[in-house]
Structures are given as structure tokens and as C-alpha cells.
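Data block below; observations after.
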Amino acid sequence: MIAKDLDFIPYALPLIGEEEIAEVVDSLRSGWITTGPKVKRFEEAFGAFVGSPHSVAVNSCTAGLHLSLLAAGIKPGDEVITTPLTFCATVNTILHVGATPVLADVDPVSLNLSVAEVARHITPRTRAVVPVHYAGNPCDMAAFRELADAHGLVLIEDAAHAIGTYHRGRHAGTFGDFASFSFYATKNLTTAEGGMIACRSEEAAERLRVLALHGMDKDAFKRYTAAGSWFYQVVAPGYKYNMTDLAAGLGLAQLARFEAMQAVRFSHVARYQEAFGAAPFDLPPAPIAEGDAHSWHLYLLRLRENELAIDRDAFAEALKERGIGISVHFIPIHLHPFYQQHLGFREGDHPVAEANYRRMISLPLYPKMTPEQVDRVVETVLDVARHHGR
Ligand SMILES: *Cc1c(COP(=O)(O)O)cnc(C)c1O
Numbered sequence: 010m011i012a013k014d015l016d017f018i019p020y021a022l023p024l025i026g027e028e029e030i031a032e033v034v035d036s037l038r039s040g041w042i043t044t045g046p047k048v049k050r051f052e053e054a055f056g057a058f059v060g061s062p063h064s065v066a067v068n069s070c071t072a073g074l075h076l077s078l079l080a081a082g083i084k085p086g087d088e089v090i091t092t093p094l095t096f097c098a099t100v101n102t103i104l105h106v107g108a109t110p111v112l113a114d115v116d117p118v119s120l121n122l123s124v125a126e127v128a129r130h131i132t133p134r135t136r137a138v139v140p141v142h143y144a145g146n147p148c149d150m151a152a153f154r155e156l157a158d159a160h161g162l163v164l165i166e167d168a169a170h171a172i173g174t175y176h177r178g179r180h181a182g183t184f185g186d187f188a189s190f191s192f193y194a195t196k197n198l199t200t201a202e203g204g205m206i207a208c209r210s211e212e213a214a215e216r217l218r219v220l221a222l223h224g225m226d227k228d229a230f231k232r233y234t235a236a237g238s239w240f241y242q243v244v245a246p247g248y249k250y251n252m253t254d255l256a257a258g259l260g261l262a263q264l265a266r267f268e269a270m271q272a273v274r275f276s277h278v279a280r281y282q283e284a285f286g287a288a289p290f291d292l293p294p295a296p297i298a299e300g301d302a303h304s305w306h307l308y309l310l311r312l313r314e315n316e317l318a319i320d321r322d323a324f325a326e327a328l329k330e331r332g333i334g335i336s337v338h339f340i341p342i343h344l345h346p347f348y349q350q351h352l353g354f355r356e357g358d359h360p361v362a363e364a365n366y367r368r369m370i371s372l373p374l375y376p377k378m379t380p381e382q383v384d385r386v387v388e389t390v391l392d393v394a395r396h397h398g399r
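This note's numbering numbers the first residue of the sequence shown as 10 and each following residue consecutively.
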């Protein structure tokens with residue numbers, strides 16, 4: 010096939026330049042390889058970028074979600090409402106604190122957790138809501154804030170896709186009581202593995218720091234500097250969730266080039282939008298409200314099933330055969346066997362999420378992609394569609 014002599018375009022690749030490499034080498038030479046001065050600097054720089062009063066660096070967004078739920082006091086018997094269109098970590102962390110995940114369907118236009126559906130699922134046991142800024146498209150956080158305040162619920166933003174997402178002029182992660190960002194290799198800003206919790210209360214931030222490092226009342230940085238002391242006390246059975254200085258160094262270099270990386274993403278998105286506007290696809294949901302901005306973490310096309318004689322699985326296979334890496338975000342939570350067996354979730358529970366899942370494909374989108382690669386994705390997608398029209 011043609012694909013044989015063409016280079017494969019991977020679904021995702023990080024953009025690691027000399028600055029990132031120099032930061033890591035600098036940490037290696039300094040002796041501070043784990044949590045130290047660069048983690049502090051990265052917390053401050055990222056917090057300033059987002060506009061969050063307190064920032065706590067951790068080793069993943071998953072760890073950040075887990076600690077946020079713990080710091081919020083979520084416990085066994087509590088119900089936490091979230092979306093079926095998310096990564097499993099959103100739901101697993103609710104289970105890790107012993108609480109019960111409750112899914113509410115997504116909004117058919119934005120594909121974000123529907124505020125009305127959440128309201129319908131509130132019971133006397135509901136304690137928290139975890140909206141996900143799906144693909145980087147902002148949730149209606151003003152509405153979620155109002156709903157949470159009206160019912161005394163904790164609001165935790167899964168901001169894994171939302172570095173560069175804005176709602177009403179404010180960065181995502183500043184509406185919730187807590188928010189957790191991801192710096193996983195495929196995310197808009199990477200530290201290889203890493204996460205950042207944004208939170209509003211100083212007391213909560215202190216609790217998060219203690220829980221992120223074994224439940225000790227002093228962190229290693231303070232213990233091993235000249236100003237520090239050997240003495241510490243364990244005040245909670247904490248976790249080992251701290252970020253390393255190696256990772257924070259990567260984060261500092263990535264943050265310095267973040268706007269430039271986003272600009273490349275946006276130009277790739279513009280090419281996709283122009284190319285697919287007249288094709289048999291629904292374009293990705295995008296913000297329409299004043300002051301809202303999409304981070305374009307994902308670019309998802311949805312096949313128009315009545316205009317195409319090919320289903321999503323075959324379409325994805327055809328792209329792969331022609332050297333285009335794709336992904337699907339996400340297999341709805343309630344279709345996974347574990348949650349079906351242990352939480353009683355069933356196919357059919359959330360028809361909007363399911364109907365969209367059935368026909369969606371995420372195309373490659375990252376700043377390391379060249380315009381020529383974007384063109385090849387466009388031509389290949391259009392060609393497959395042309396060969397399978399109705
Ligand atoms: C990537 C992702 C996470 C987990 O991020 P990690 O940093 O890998 O733990 C959580 N939620 C969503 C929606 C994600 O896409």
C-alpha cells in the first residue's frame with residue numbers, strides 16, 4: 010500500500026528542545042534531582058500563569074485529583090458526580106477515597122458535563138462535582154459554581170486538557186475549590202509525568218503539601234537545607250506524590266515556550282477547520298461565549314453516519330493503514346467492564362456520550378507537527394471520506 014514508503018505520523022509527540030534538555034542537565038549537575046528549588050519556582054510560575062492563589066506540584070494529574078478529593082474531605086458513602094466522557098483516572102480517584110462515582114450525561118453541543126444533568130443527579134449524599142474541560146473546551150464554570158454553592162458541594166476541576174483554556178476571561182482551574190492539571194507526555198505542556206493542583210484556600214494547600222509527601226509536616230526541601238531541621242512529625246498517612254526537580258525543570262522550559270507552542274496548535278487547528286468544514290464530519294465543539302478560549306488539546310472529528318458508508322472503526326483502520334496515528338477520547342466510563350460489574354453502570358445509561366463516542370476520532374495535533382504533516386492528515390482523511398461516501 011501507499012503507506013509503506015510514507016513516514017508514519019504519530020498521534021502525539023512532545024516538543025522537547027535544547028532549553029528543556031539544559032534544564033534537566035542543570036538539575037542533574039546541581040545535586041537537587043528530587044523536590045527542590047525548581048519545583049518551588051515552577052509552582053510559582055504556573056500559579057502566576059493560571060492566576061491561582063495556591064499551587065501544589067505533584068507527580069501526576071491523577072495524584073492531584075486524589076489529593077483534592079481527600080483534602081475536600083470526601084469519604085466513603087459520599088457521592089461525586091462526573092462525566093462519562095473522560096479518562097478513567099477521573100473516576101478511579103473517586104473510588105480511591107471510597108466514595109461513589111455518579112455519572113451524568115454530557116451536553117450534546119459542548120460534550121462537556123451537562124449542568125442540568127448534574128442537577129438532576131444530586132441526592133442528599135452528593136458532596137462534590139468534577140467537571141472535565143473536555144478536549145480543552147471550557148465547561149460552563151460560572152453555572153457549576155452557582156450550582157455547587159447552592160447545594161454546598163465541593164467543585165473540583167479536572168483540568169488535564171485545560172492548560173490554555175479560559176472561561177469568561179479567567180483561566181480554567183480558578184473556578185473550582187480545587188483543580189488538577191496534567192503534564193503527561195501528550196498534554197499541551199509536559200514534564201514527562203507531572204501534575205499541578207490549583208486551590209483557593211491556603212489551609213487546603215498546606216493539607217495538600219502534607220498529603221503529597223508521606224503526611225510529614227515538613228517537606229524534604231526544608232529538611233535538607235542549611236535552614237532545615239532533622240525533625241518532622243507524621244500527621245496523616247500520606248502519599249508519595251511529590252514532583253521532582255528534573256520534571257519541574259522541564260516544566261519551566263515548557264512554560265516559557267507555551268504561548269509559542271499554542272500558536273502552532275492554533276494554526277494547525279485553523280487548517281483542519283477550513284479543510285473539514287464542507288466534509289461529512291461534525292467539527293469539534295468550540296466556545297462561543299465572550300471571554301472563553303479553547304486550549305485545543307484534542308481535535309476531534311465526528312463522522313456523519315448518514316453521509317458516510319464507513320463506520321468509525323473502519324475509518325480509524327483506514328487512516329492507520331495510510332500512516333496516520335489516531336486516538337479516541339474517550340471510551341465512555343460506563344462501557345468499561347470494571348465499572349459495569351462494580352457500580353452497575355450499563356450501556357444506554359448516557360446516550361449523548363455514547364452516540365458521540367461511536368462516531369469520533371481524535372486527529373494528530375501537536376506543535377512538533379509540520380504544516381506538511383497537517384496537510385497529509387487532511388488529504389488522507391478527505392480521501393478516505395471520498396471513497397466511502399453515500
Ligand atoms: C490525562 C488525563 C488525566 C490523568 O493525567 P495524568 O497526569 O496522566 O495522571 C486525568 N483526566 C483526564 C481527562 C486526562 O485526559
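Beta carbons: idealized from backbone N, C-alpha and C, even for Gly.
Around ligand 1, what residues have a beta-carbon under 7 angstroms from a heavy atom of it, in chain order?
-> S69, C70, T71, A72, L74, T95, F96, A98, T99, V141, D167, A169, H170, S191, F192, Y193, K196, E202, G203, G204
Residue nearest to G173 in terms of C-alpha spacing, selected from V106, A98, A272 | A272
In this structure, does DSSP put I18 in helix, strand or coil?
-> strand
Buried or exposed (CB count within 10 angstroms, at least 16 for buried), L37 = exposed
According to DSSP, is E212 helix, strand or coil?
-> helix
If M205 and A66 are in contact, beta carbons under 8 angstroms, what's the gap, nearest whole angstrom?
-> 6 angstroms
Would you report the Cα separation of M269 and G260, rounded to the nearest angstrom?
-> Correcting the residue identity first, residue 269 is Ala in this sequence and not Met. Computed Cα separation, rounded: 15 angstroms.
Can you list the alpha helix (DSSP H) stretches of 4 or more residues lying completely in the region 209-284, in chain order?
-> 211-221, 229-233, 254-265
Should A214 be flagged as near chain B, meaning a C-beta pair shorter than 8 angstroms?
-> Looking at the structure shown, chain B is missing, and only one protein chain is on hand.
Name the two residues that bound the continuous beta strand (DSSP E) containing G112.
-> Note that residue 112 is Leu in the sequence shown, not Gly. Element bounds for L112: 109-112.
Residue span of the beta strand (DSSP E) that contains T135, given as start and end = 135-139
Cβ neighbours of V111 in the same chain (closer than 6 angstroms, five flanking residues each side left out) | E88, I90, H130
Does DSSP put V400 in a helix, in a strand, or in coil?
-> Here the chain has residues from 10 to 399 only, and residue 400 is not among them.
Selected residue, minimal CA-CA separation from A98, among E27, T71, R136 | T71
May I ask you to report which of helix, strand or coil DSSP gives G26?
-> coil
Boundaries (first-last residue) of the alpha helix (DSSP H) holding E316 | Neither: E316 is in no alpha helix (DSSP H) and is coded neither H nor E.
Pick out the complete alpha helix (DSSP H) segments inside the region 134-186, 4 residues or longer, and give them in chain order.
-> 150-160
In chain order, what residues of the same chain have a beta carbon less than 8 angstroms from the beta carbon of A262, not counting five sequence neighbours either side?
-> G26, E28, E29, A31, E32
With DSSP as the reference, please indicate the residues paired to R311 in a beta bridge.
-> D291, M369
Can you say whether K84 is buried or exposed, counting buried as having 16 or more other CB atoms within 10 angstroms of its CB?
-> exposed
Looking only at its own chain, which residues have a Cβ that is under 7 angstroms from the Cβ of F51, when we skip the five neighbours before and after it?
-> A66, A257, G260, L261
Straight-line CA distance for L24 to E330?
-> 25 angstroms
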